[in-house]
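Numbering (this note's numbering), first residue to last: 36 to 486.
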């Protein structure tokens, strides 16, 4: 990368940081000028993109895209302020504030509730119209900016389309003959850090003959952990699950075994694609916010959904039913809202099951059922792997996880596509195997079922 391209990339990062600040809190416009990224912007304002800069240069592409979005937003804000000069001047006079272009307007925006209480009724409608225009402008910026970020992620995914031909599979398919438990990173980490728990676990396996399995996303979870724990984590994963794994391959979800070294190699091969997919999970909530009708899916409605989603769907009003049905139709999902309510989503193949898990997961994101905060990027990224866990666990008898939101979502999704996989928390599972071992000793009887 040339020096000029590196400089443009740094400027693009500064632009992106500012854009994200403006979207999340436009009322903080004035104080945002004090942020460190503004040093980069101020110093490079007169920088021209050289004609010989490669069209493949990330710095040039990101700089031009972010600069276009930022300039369009600032220009529109100036136009809005010009359109509403009367109300802005009235507010400045009323509160004895000097009008410093965009800075004072951001202060007005952040204090809108306070101003509404103080304004004369004759100016109230004009003020509300002004605020509505500002909010619409912010939404347009959010839609343009995050659509661009998602487009970049999709470009990365498409550019790696040939990876499937480069994979080295050592996977050996086998039949489902015993009770299978699907596990995630939480369970593996708990076992590896608790010798007593691990001892009970091994005793349970010896008595019951049950099988424990994972997917490549448990491996991915490990890779994203602190590297100091990685060696022990992979050893525990291999030992506990005996290399049993669920793999999506050739349109099927298959169960079998694979050496963990080979699984890790595949995960690393696909890492840029997975990273891009995780980043889409960070950006998509902003697009959803622009698309969502907040009058129909209000804070109170979201609260009802999260209290009891089944009860909410059973008692949904006609207007919201029509709205959500329209959204599902727009997204071209294979299920309807009626299917979700009646728990009658049809699946004729493994591909259908996997696609429906993904699409219902995304629908739950849209209605904000058990979702992370938009500011929690770590959990948003993790939510991508959580959805993949559900796409791999549905052929197991049980899924052990301590992720409460994953259990809530998993129980709902599996119920509407008629999957019988049960969810256990780690403590709940420990109690069940403790009871199982005790009963086995009391009755001198073994078995292959935990319940």
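No residue lacks a Cβ here, since even glycine has one placed at the ideal position from N, Cα and C.
Query, Result
"Is the distance from the Cβ of residue 116 to the Cβ of residue 126 below 8 Å?", "no"
"Give the DSSP-derived three-state secondary structure of residue 157 in the structure shown.", "helix"
"Can you list, in chain order, the residues of its chain with a C-beta nearer than 6 Å to that of residue 268? Leave out the 5 residues immediately preceding and following it.", "257"
"Count the other CB atoms, across all protein chains shown, that sit within 10 Å of the CB of residue 205; report buried if there are 16 or more and exposed otherwise.", "exposed"
"Taking only runs of the alpha helix (DSSP H) that begin and end inside the region 229-316, which ones reach a length of at least 4 residues, in chain order?", "230-243, 251-258, 265-276 and 295-304"
"When burial is assigned at 16 or more other CB atoms within 10 Å of the CB, is residue 50 buried or exposed?", "buried"
"Residue 321 and residue 213: beta carbons closer than 8 Å?", "no"
"Check residue 402 in the structure and name its three-state DSSP category.", "coil"
"How many angstroms separate the CA atom of residue 483 from the CA atom of residue 221?", "In this prediction, residue 483 has a pLDDT of 47, which is less than 50 and means its spatial position is unreliable; what the coordinates show is noted afterwards. So the alpha carbons of these two residues sit roughly 24 Å apart."
"Mind checking which residues open and close the alpha helix (DSSP H) that includes residue 329?", "Neither: residue 329 is in no alpha helix (DSSP H) and is coded neither H nor E."
"Consult DSSP for residue 482 and reduce its assignment to one of helix, strand or coil.", "The pLDDT assigned to residue 482 is 49, lower than 50, so where the model puts this residue is not dependable; a value taken from the coordinates is nonetheless given after this. Reduced to three states, the DSSP call for residue 482 is coil."
"Going by the CB atoms, is the gap between residue 341 and residue 405 shorter than 8 Å?", "yes"
"DSSP three-state call for residue 216: helix, strand or coil?", "strand"
"Could you work out which residue in 233, 334, 61 and 330 is closest to residue 168 when comparing CA atoms only?", "61"
"So does the region 182-194 actually touch the region 315-331, counting three or more Cβ pairs closer than 8 Å?", "yes"
"Using a Cβ-Cβ cut-off of 8 Å, state whether residue 249 counts as contacting chain D.", "Of the protein chains in the structure, only one exists, and it is not chain D."
"Mind checking residue 365: buried by the 16 CB within 10 Å criterion, or exposed?", "exposed"
"Take residue 428 and list the residues in its own chain whose beta-carbon comes closer than 8 Å to its own, dropping the five residues that flank it on each side.", "217, 250, 281, 434, 445 and 456"
"Look at the alpha carbon of residue 59 and the alpha carbon of residue 266, and state the distance between them as a whole number of angstroms.", "39 Å"
"What does DSSP give as the partner residues of residue 211 in its beta bridges?", "DSSP, once it has assigned bridges, lists no residue as partnering residue 211."
"Under a three-way DSSP split, which group does residue 464 fall into?", "helix"
"Roughly how many whole angstroms lie between the Cα atoms of residue 182 and residue 334?", "25 Å"
"If you draw a straight line from the C-alpha of residue 56 to the C-alpha of residue 176, how long is it?", "11 Å"
"Looking at residue 349: is its Cβ nearer than 8 Å to the Cβ of residue 185?", "no"
"Opposite residue 435 in the DSSP bridges: which residues?", "218 and 459"
"Does the region 240-254 come within contact of the region 284-303, defined as at least 3 CB pairs closer than 8 Å?", "yes"
"Between residue 109 and residue 43, what straight-line distance do the alpha-carbon atoms span, to the nearest angstrom?", "20 Å"
"What span of residues does the alpha helix (DSSP H) with residue 120 cover, start to end?", "120-129"
"Quick one: is residue 363 buried, meaning 16 or more other Cβ sit within 10 Å of its Cβ, or exposed?", "buried"
"May I ask you to report which of helix, strand or coil DSSP gives residue 343?", "coil"
"Do you know offhand how far residue 63's Cα is from residue 95's?", "28 Å"
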